[in-house]
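See structure below.
Numbering (my numbering), first residue to last: 10 to 792.
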């Protein structure tokens, strides 16, 4: 660590009286130090193992993945990070920053293996890093913490509690998401990502799995990471995606964010609380009937959003060092790969980051000109990563972003059920229909809804205060992080996307807003008492706040009351508690601690987001024992266990590059009037490329959103002739059509589902060999 951070964190030397004798730790304390340091981490580990076992994961798979993540990701990453940046003086932060570095290194190993089609060497790449650190004596020092500055045990307990909350937040989803081949309903994006994971196990160049031969343009690096874990451990990709992967990745982000906040504030407790709240916290809930848009940055339905969190956090750690005049030295070699990895993980991640860099550059130009050249170099490397990433990964609807202020209101229930009840997701308008045509009362309601959103997002959006309060207003790092947060929120409310994906601009930026709030809290607080009092008050109220419910009639007036009451109630409670605290403090000390109010308020806001989130997760865990069968609420999306078993058989009995033709395209599978082309499960579960399965996420389909009044996923197949030939094969089974399909697309297998629209022709048995059948599925092999 640098001298600046050491000076900030160094404890003041006590004034010793002549007779005072320094106290040495007792033998009992020394013996208990290691067990006490390990004890906090036992709880998240036990919680994770128990929830995974309860949701169908074998103990063998849990142990294999844990070994992989520790030995192949964390170990080499930690060694490299310490070699490039030095040790943080403690094990937890070293391992967290090392894990993020290890993810980047493993990504590079996968890319080289995919380029050379040498995946057999993939398990050995970490050895190339670890062996030199064992063999070269000068590198031995990186195996241990240099100049130890251990964190207090309380830091570990706070972060461990955040990890437990993270596990609990995923558990309800695991219970509701069956592991193949159990049958049931999976969100369509998970099938889509599962197909991409299998595609990442093939050599470059990649193709769209649902339409073989079509070049793949998508931010697929999260799928590459999951594919790498599956190839090394031999664990089923579905198990890695649906269970094992998300908690280690999001947990790494918590550690990196905690290290970032401690670096900014110089206080361990701010780092622990801020890092945990940044990833595991939610906006204020306060018993509201509607959860504010922009909840958790961890979204199990979007692996790309989760994967970018630790990578972007590590990039921000480096950027803060540059802004504070600390030399990166050899860590410069990681900046461009990190930027490229962020661009390939989530296309919405870096634009807000670049906006924050511009804001920080203005401050640097005014008051810290000696830091301008390194900042410009970092900006250039990041911009290069964005440019290369755009050429490699842009697609999947990224090019359909448009400018339409307040388009995101359609995703907010209070607006959509009142003023916006006639709205459609239409990017051709300048404003949404409801916004444009409403009257004065409606416009006031929209303004009030935006203010309500801003207040409920206080754990993130209070970062704006950092520009005008305390010493943080003079820090370029404040402008960086606040710029990221403001740019993410601005993009969310100003842009339009056919599937509402503009919300990811804010989802990726909100952890950095929370970091600024925690930093401000530590900067303004003269001690720990005010933040502790605020945290207790905020957490208690978040737990006890009465629950509101949506109005029975969707009218503007009713929604105003439902949304405003929790805020008014909270304001009254906050004023009362603050007044009582100030009066008691004055009675005890004779002084009124007005300066303690703001840090206490910030602590209350952060803790309320965490405790409200914990309460929500505990309630959701209770609903996981609901006896309603999976798929009963949405039978049109059910994939039968027999269908999953057939797909599993084909995965095990076909070649990696075999092409499959199928008559499954739509949701529901037996559609009659309108085809929602987002089935994706055949390519996802078989792991094979298909001639044409579902085309709802192709660039051509997304670009046609709104044509003939239909959404993008209900547009016709982009290659109509391919689709017609494919359907003729299954409906009629004529030898000429089968031969033509094989000649044009090198088809090896036919995956025929009797439930699919058009059915299955009995003639298929005469032109192909029936190899397997399960439930409604028959699998044929072409000669």
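Glycine included, C-beta positions come from ideal geometry on N, C-alpha and C.
Check                                                                                                                                                                                            : Outcome
Return the chain-ordered list of same chain residues with a C-beta closer than 7 Å to the C-beta of residue 22, the five sequence neighbours on each side being excluded.                        : Note that residue 22 has pLDDT 40, beneath the 50 cutoff, so the model's placement of it is unreliable and the number below is only indicative. There are no such residues.
Would you tell me roughly how many angstroms separate the C-alpha atoms of residue 627 and residue 259, rounded to the nearest one?                                                              : 19 Å
Measure the Cβ-Cβ separation of residue 227 and residue 402 and say whether it is below 8 Å.                                                                                                     : yes
Is there contact here, the segment 240-254 with the segment 360-373, by at least three beta-carbon pairs under 8 Å?                                                                              : no
In chain order, what residues of the same chain lie with their CB nearer than 6 Å to the CB of residue 451, ignoring the 5 residues before and after it?                                         : 428
Just the Cα atoms here: how many angstroms apart are residue 690 and residue 331?                                                                                                                : 46 Å
Can you tell me which of the three DSSP states residue 779 falls into?                                                                                                                           : strand
State the Cα-Cα distance for the pair residue 608 and residue 460, rounded to the nearest angstrom.                                                                                              : 22 Å
State yes or no: is the C-beta of residue 131 within less than 8 Å of the C-beta of residue 240?                                                                                                 : yes
Quick one: Cα of residue 5 to Cα of residue 177, how far?                                                                                                                                        : Since the first residue shown for the chain is 10 and the last is 792, residue 5 is missing from the structure and cannot be characterised.
Consult DSSP for residue 452 and reduce its assignment to one of helix, strand or coil.                                                                                                          : helix
Looking only at its own chain, which residues have a Cβ that is under 7 Å from the Cβ of residue 667, when we skip the five neighbours before and after it?                                      : 697, 757 and 758
May I ask you to report which of helix, strand or coil DSSP gives residue 427?                                                                                                                   : coil
For residue 502, collect the residues of the same chain with a Cβ closer than 6 Å to its Cβ; drop the 5 residues on either side in sequence, then sort them by chain order.                      : 417
Do you know how far the Cα of residue 261 is from the Cα of residue 267?                                                                                                                         : 10 Å
Between which residues of its own chain and residue 374 is the CB-CB distance below 8 Å, once the five residues before and five after are set aside?                                             : 381
Which residues bound the alpha helix (DSSP H) around residue 650?                                                                                                                                : 650-662
Check the C-beta distance from residue 302 over to residue 420 and give it rounded, since I have them as a contact under 8 Å.                                                                    : 6 Å
Would you list, in sequence order, the uninterrupted alpha helix (DSSP H) runs of no fewer than 4 residues that lie entirely inside the segment 449-492?                                         : 449-465 and 467-470
If contacts are defined as beta-carbon pairs under 8 Å, then residue 529 and residue 478 qualify, I think. What distance do you get, rounded to the angstrom?                                    : 6 Å
Does the separation of the CB atoms of residue 297 and residue 575 fall below 8 Å?                                                                                                               : yes
Between the beta-carbon of residue 345 and the beta-carbon of residue 390, is there less than 8 Å?                                                                                               : yes
Report the residue from 744, 765, 593 and 783 whose alpha carbon sits nearest the alpha carbon of residue 792.                                                                                   : 744
Does the distance from the CB of residue 747 to the CB of residue 710 come in under 8 Å?                                                                                                         : no
Kindly confirm or deny that the segment 351-365 and the segment 310-325 touch, where touching means at least three C-beta pairs closer than 8 Å.                                                 : yes
Measuring straight from C-alpha to C-alpha, what distance separates residue 517 and residue 161?                                                                                                 : 30 Å
Less than 7 Å between C-beta atoms, sequence neighbours within five positions excluded: which residues of the same chain meet that for residue 347?                                              : 113, 320, 323 and 324
If you draw a straight line from the C-alpha of residue 434 to the C-alpha of residue 445, how long is it?                                                                                       : 14 Å
Quick one, are the C-beta atoms of residue 729 and residue 750 less than 8 Å apart?                                                                                                              : no
Identify, in the order they occur along the chain, each residue of the same chain with its Cβ nearer than 6 Å to the Cβ of residue 493, setting aside the five sequence neighbours on each side. : 361, 362, 365, 518 and 521
For residue 435, which beta-bridge partners are listed by DSSP?                                                                                                                                  : Beta-bridge pairing links residue 435 to no other residue.
For residue 216, which three-state DSSP category applies?                                                                                                                                        : strand
Looking at the secondary structure, which residues open and close the beta strand (DSSP E) in which residue 668 lies?                                                                            : 668-671
Taking just the CA atoms, how far does residue 674 sit from residue 639?                                                                                                                         : Residue placement at residue 639 is poorly supported in this model, since its pLDDT is 46, which falls under 50; the coordinates still yield a value, given next. If I take the Cα positions, the gap works out to 22 Å.
I believe residue 524 touches residue 273 by the beta-carbon criterion, under 8 Å. Please report the beta-carbon distance rounded to the nearest angstrom.                                       : 7 Å
Rounded to a whole number of angstroms, what is the C-alpha to C-alpha distance between residue 683 and residue 676?                                                                             : 9 Å
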